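To start, the structure itself, in structure tokens.
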Amino acid sequence: MSVMVARKKVVRKWEKLPGRNTFCCDGRIMMARQKGIFYLTLFLILGTCALFFAFECRYLAVQLSPAIPVFAAVLFLFAMATLLRTSFSDPGVIPRALPDEAAFIEMEIEATNGTVPQGQRPPPRIKNFQINNQIVKLKYCYTCKIFRPPRASHCSICDNCVERFDHHCPWVGNCVGKRNYRYFYLFILSLSLLTIYIFTFNIVYVALKSLKIGFLNTLKETPGTYPSMSLTVLTVLEVLICFFTLWSVVGLTGFHTFLVALNQTTNEDIKGSWTGKNRVQNPYSHGNIVKNCCEVLCGPLPPSVLDRRGILQQEESTAQEGSCPRAPGTQEPPATQGPGQAQEGHSVLSLQVPAPSVSDTEVPEEKQRTPGELPVPPLDAGRAQH
Numbered sequence: 001m002s003v004m005v006a007r008k009k010v011v012r013k014w015e016k017l018p019g020r021n022t023f024c025c026d027g028r029i030m031m032a033r034q035k036g037i038f039y040l041t042l043f044l045i046l047g048t049c050a051l052f053f054a055f056e057c058r059y060l061a062v063q064l065s066p067a068i069p070v071f072a073a074v075l076f077l078f079a080m081a082t083l084l085r086t087s088f089s090d091p092g093v094i095p096r097a098l099p100d101e102a103a104f105i106e107m108e109i110e111a112t113n114g115t116v117p118q119g120q121r122p123p124p125r126i127k128n129f130q131i132n133n134q135i136v137k138l139k140y141c142y143t144c145k146i147f148r149p150p151r152a153s154h155c156s157i158c159d160n161c162v163e164r165f166d167h168h169c170p171w172v173g174n175c176v177g178k179r180n181y182r183y184f185y186l187f188i189l190s191l192s193l194l195t196i197y198i199f200t201f202n203i204v205y206v207a208l209k210s211l212k213i214g215f216l217n218t219l220k221e222t223p224g225t226y227p228s229m230s231l232t233v234l235t236v237l238e239v240l241i242c243f244f245t246l247w248s249v250v251g252l253t254g255f256h257t258f259l260v261a262l263n264q265t266t267n268e269d270i271k272g273s274w275t276g277k278n279r280v281q282n283p284y285s286h287g288n289i290v291k292n293c294c295e296v297l298c299g300p301l302p303p304s305v306l307d308r309r310g311i312l313q314q315e316e317s318t319a320q321e322g323s324c325p326r327a328p329g330t331q332e333p334p335a336t337q338g339p340g341q342a343q344e345g346h347s348v349l350s351l352q353v354p355a356p357s358v359s360d361t362e363v364p365e366e367k368q369r370t371p372g373e374l375p376v377p378p379l380d381a382g383r384a385q386h
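Each residue of the sequence shown is one higher than the last, beginning at 1 in full-length UniProt numbering.
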């Protein structure tokens with residue numbers, strides 16, 4: 001008897017995707033490999049808000065209004081939701097060309113440019129594309145082996161071509177592109193409002209306490225749970241964090257508001273694509289701030305073209321654990337697979353038992369009959385009928 005075990009392993013596409021990305025939750029979460037600054041962003045937001053809710057909010061809710069902690073909680077939850085949506089989503093990565101597709105593109109390029117003499121630099125691989133009566137150049141990516149779509153660019157950190165590439169943001173741990181730019185903008189906008197909110201009410205808290213017990217007594221006040229640390233020291237720490245955050249986050253929000261109004265990306269602004277010496281007009285702008293904002297922030301969100309959780313292939317492995325001796329003269333029947341074939345992920349146990357051997361003397365020889373002759377029943381069979 002032999003025991004055979006058949007196993008099938010499902011390989012999904014995210015496991016074989018090129019580029020420098022990390023995936024979690026079976027490909028549902030996609031981030032860059034460099035995530036250290038992203039964890040710092042989480043620590044600063046969570047730490048500052050935790051101190052504000054633990055100490056100042058309780059006093060301000062009693063003295064001023066209970067709506068103060070409620071509004072702060074709404075801003076905090078909205079900022080965290082948009083941050084995680086920006087960090088964990090596909091920014092619009094363009095799949096690389098398959099070997100057959102890359103070979104076909106190479107043939108097209110050679111047919112267009114012709115053979116280049118040895119020692120001479122080949123011409124740039126560029127295709128002209130017309131958008132709103134304006135010529136836009138499509139550049140060839142030597143890494144992805146494709147002609148990049150308009151406004152796409154190759155990220156050197158993630159090693160991927162991203163559609164409508166804006167920039168790579170280490171603070172969110174991901175690229176910012178066509179599929180997550182609106183969430184990135186909403187994140188920095190809500191974070192700016194949350195920073196201003198906490199900064200303002202921290203100063204209000206210190207002012208109210210100083211009017212009641214004096215500024216020096218306020219500095220000496222200690223909470224019951226932390227007797228070794230002054231409560232105002234924690235407030236001052238929050239004020240310092242918010243103060244230095246204001247200059248960067250609020251300024252970044254204003255810059256991206258300007259870009260959204262012009263329907264322009266950070267990459268295009270840095271390169272001077274539409275404001276350079278040629279003074280080429282932006283073909284993607286509608287000439288109206290409202291229309292540009294609606295297209296960037298409220299337009300339809302395209303689906304991901306990576307199909308990260310699609311099944312790539314199935315690897316089958318068969319192992320034989322043991323066997324038992326068979327009787328002499330018997331042959332192992334061929335392994336057949338009927339309609340009861342084992343499904344994916346289950347083990348199949350096939351038991352092979354040899355058939356008993358019968359000697360030639362035990363089998364009676366049949367009398368050969370001529371064509372048309374009926375078979376004669378044996379004598380014993382006739383007696384049994386009587």
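Quick reminder that beta carbons are idealized off the backbone N, C-alpha and C, glycines included.
Since this is a predicted model, take the numbers as computed values, not measurements.
Counting along the chain, residue 153 sits inside the beta strand (DSSP E) bounded by residues 153-155. In the DSSP assignment, residue 293 falls within the unbroken alpha helix (DSSP H) covering 289-298. Taking the C-beta atoms as reference points, residue 170 is found no nearer than 8 Å to residue 63. Residue 172 holds the alpha-carbon nearest to the alpha-carbon of residue 187 among 172, 196 and 266. Of 98, 9, 303 and 272, the smallest CA-CA separation from residue 177 is found for 303. Going by C-alpha positions, residue 52 is about 12 Å away from residue 44. A distance below 7 Å between beta-carbons, with the five flanking residues on each side excluded, links residue 61 to the following residues of its chain, in chain order: 68 and 69. Here residue 308 is actually not in contact with residue 31; their C-beta atoms are around 12 Å apart, not less than 8 Å. Of all alpha-carbon atoms in 150, 286 and 204, the one lying nearest the alpha-carbon of residue 130 is that of 150. Residue environment: residue 247 is assigned as exposed (fewer than 16 neighbouring CB atoms within 10 Å of its CB, all protein chains considered). Between the region 258-274 and the region 75-90 there are fewer than three C-beta pairs closer than 8 Å, too few to call the two in contact. In this structure, the beta-carbon distance from residue 243 to residue 201 does not fall below 8 Å. With contacts defined by Cβ atoms closer than 8 Å, residue 203 and residue 239 form a contacting pair. Between residue 146 and residue 97, the gap from beta carbon to beta carbon is short of 8 Å.
Note on geometry: alpha-carbon atoms of residue 297 and residue 182 lie some 5 Å from one another.
Across the set 55, 58 and 88, the C-alpha of 88 shows the shortest separation from the C-alpha of residue 38.
For the options 11, 287, 306 and 255, the alpha carbon positioned closest to that of residue 132 is the one of 287. In terms of Cα proximity to residue 72, the closest of 85, 184, 54 and 106 is 54.
Apart from the 5 residues on each side of it in sequence, residue 155 sits with its Cβ closer than 7 Å to the Cβ of 162, 165, 168 and 175 in its chain, given in chain order.
Distance from the CA of residue 305 to the CA of residue 254, rounded to the nearest whole angstrom, comes to 31 Å. In the three-state scheme derived from DSSP, where H, G and I count as helix and E and B as strand, residue 202 is classed as helix.
Secondary structure at residue 22: strand, using DSSP grouped into helix, strand and coil. Beta-bridge analysis with DSSP links residue 140 to 147. Boundaries of the beta strand (DSSP E) harbouring residue 175: 174-176, taken from the DSSP string. Residue 271: member of the alpha helix (DSSP H) spanning 266-271, first to last residue. Around the Cβ of residue 190, a 10 Å sphere holds 16 or more other Cβ atoms; the residue is buried. Annotated three-state conformation of residue 97 is coil, per DSSP.
No Cβ-Cβ contact shorter than 8 Å links residue 179 with residue 259.
Residue 168: not part of any alpha helix (DSSP H); member of the beta strand (DSSP E) spanning 167-169, first to last residue. Checking the DSSP bridge columns, you'll see residue 12 partnered with 311. A Cβ-Cβ distance of about 49 Å is found for the pair residue 289 and residue 10, leaving them out of contact under the 8 Å criterion.
Here the C-alpha atom of residue 263 lies approximately 19 Å from the C-alpha atom of residue 138.
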